[in-house]
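Engineer: The following block contains the structure, expressed as structure tokens.
In full-length UniProt numbering, the protein residues as written are 1 to 243.
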């Protein structure tokens, strides 16, 4: 499960922006100013479902890379329930609901960290953790999106993040609830262009881009409290740390 994101923004040591590195030598970067806003603008310390999040796509009509805002969570017309913020990697290609998006509407959600909560016997409430990709400033999370028209005629784009069974760290931390043990799927930088490629619509080939996230590829820190976007307050670490 991935239900809260963090996007801490900073320049790299050479002054470039993170996403630019993925396209160096792989094609033109079509939206440099938007990318600067994503990576060098104001950090977001608590990105929640139904909020607008930054998403990277390739426009199938123009072949250009685009940076756009999408609502986090699919809201199918046939349900008035909670939006679907995560999609299970297993079976997504064949699933009636997800299959078309898996073939035709793939995207990347940039994040520096995400939050998860752990149930513990020594705590009266679930304990928050902040999790990142080991040795990396950013993660490029695999997503699927849909565009639909509201009753008002307005078109909205909605995104869901792919998840998979968790590695040992994530199984230990995400230890309760119906989606216990799940973890978001990130893409290696050299895989991102092919994941976004709208010409790639072979489900079997697409699946090969989604390798399992192994032990040691995530690292986590226990928190006293998560960050706050309204007050622009970063997360507060806890002194006790188990992993």
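Don't be surprised by glycine CBs; every beta carbon is placed ideally from N, CA and C. For clarity, every value in this text was computed on a predicted model and none was experimentally measured.
What residues are listed by DSSP as bridge partners for residue 44?
Structural biologist: Its beta-bridge partners are 7.
Engineer: For residue 63, count neighbouring Cβ atoms within 10 angstroms of its own Cβ and tell me buried if that reaches 16, exposed if not.
Structural biologist: Classification of residue 63: exposed, given that the 10 Å Cβ count is below 16.
Engineer: Taking the straight line between their C-alpha atoms, what separation do you get for residue 85 and residue 212?
Structural biologist: One C-alpha to the other measures close to 20 angstroms.
Engineer: Does the beta-carbon of residue 235 have 16 or more other beta-carbons within 10 angstroms, so that it is buried, or is it exposed?
Structural biologist: Buried, because 16 or more other Cβ atoms sit within 10 Å of the Cβ of residue 235.
Engineer: Smallest Cα separation from residue 108: which of 184, 129 and 227?
Structural biologist: Nearest option by C-alpha distance: 184.
Engineer: Within 10 angstroms of its Cβ, does residue 77 collect 16 or more other Cβ (buried), or is it exposed?
Structural biologist: Exposed: under 16 other Cβ atoms inside 10 Å.
Engineer: Buried or exposed for residue 148, please, with buried defined as at least 16 other CB atoms from any protein chain shown within 10 angstroms of its CB.
Structural biologist: Exposed, by the Cβ-count rule.
Engineer: Grab me the residues of residue 229's own chain with a C-beta within less than 6 angstroms of its C-beta, minus the 5 sequence neighbours each way, in chain order.
Structural biologist: The answer, listed in chain order, is 44, 45 and 46.
Engineer: Excluding the 5 residues flanking residue 233 on each side, which residues of the same chain have their C-beta closer than 8 angstroms to its C-beta?
Structural biologist: Hits under 8 angstroms: 45 and 227.
Engineer: Could you check the C-alpha separation between residue 103 and residue 124 for me, to the nearest Å?
Structural biologist: Residue 103 and residue 124: Cα-Cα distance of roughly 44 angstroms.
Engineer: Tell me which residue opens and which closes the beta strand (DSSP E) that residue 139 is part of.
Structural biologist: Note, residue 139: beta strand (DSSP E), 139-149.
Engineer: Going by CA-CA distance only, name the one from 57, 179 and 204 that's closest to residue 91.
Structural biologist: The residue with the shortest Cα to Cα distance from residue 91 is 204.
Engineer: For the alpha helix (DSSP H) containing residue 169, list its first residue and its last residue.
Structural biologist: Residue 169 -> alpha helix (DSSP H) spans 168-173.
Engineer: Mark residue 160 as exposed unless 16 or more other C-beta atoms lie within 10 angstroms of its C-beta, in which case mark it buried.
Structural biologist: By the 10 Å Cβ count, residue 160 comes out buried.
Engineer: Which residue's Cα is closest to the Cα of residue 135: 126, 99, 237 and 219?
Structural biologist: Among 126, 99, 237 and 219, the Cα nearest to that of residue 135 is on 219.
Engineer: Quick check on the DSSP output: what are the complete beta strand (DSSP E) runs of length 3 or more inside the stretch 73-139, in order along the chain?
Structural biologist: Entirely contained in the stretch 73-139, the beta strand (DSSP E) runs reaching 3 residues are, in chain order, 86-88, 106-111, 113-118 and 127-133.
Engineer: Where residue 238 and residue 59 are concerned, what is the direct C-alpha to C-alpha distance, given to the nearest angstrom?
Structural biologist: Taking the straight line joining both Cα atoms gives about 43 angstroms.
Engineer: By the three-class DSSP mapping on this structure, what secondary structure does residue 226 have?
Structural biologist: It is coil, neither helix nor strand.
Engineer: For residue 164, report the span of its beta strand (DSSP E) as first-last.
Structural biologist: Taken as a continuous stretch (DSSP letters only), the beta strand (DSSP E) holding residue 164 covers 155-165.
Engineer: Going along the chain, which residues of its own chain have a beta-carbon closer than 7 angstroms to the beta-carbon of residue 151, five neighbours each way excluded?
Structural biologist: Counting only Cβ-Cβ distances below 7 angstroms, and skipping sequence neighbours, we find nothing.
Engineer: Tell me which residue opens and which closes the beta strand (DSSP E) that residue 185 is part of.
Structural biologist: From DSSP, residue 185 is part of no beta strand (DSSP E); its letter is neither H nor E.
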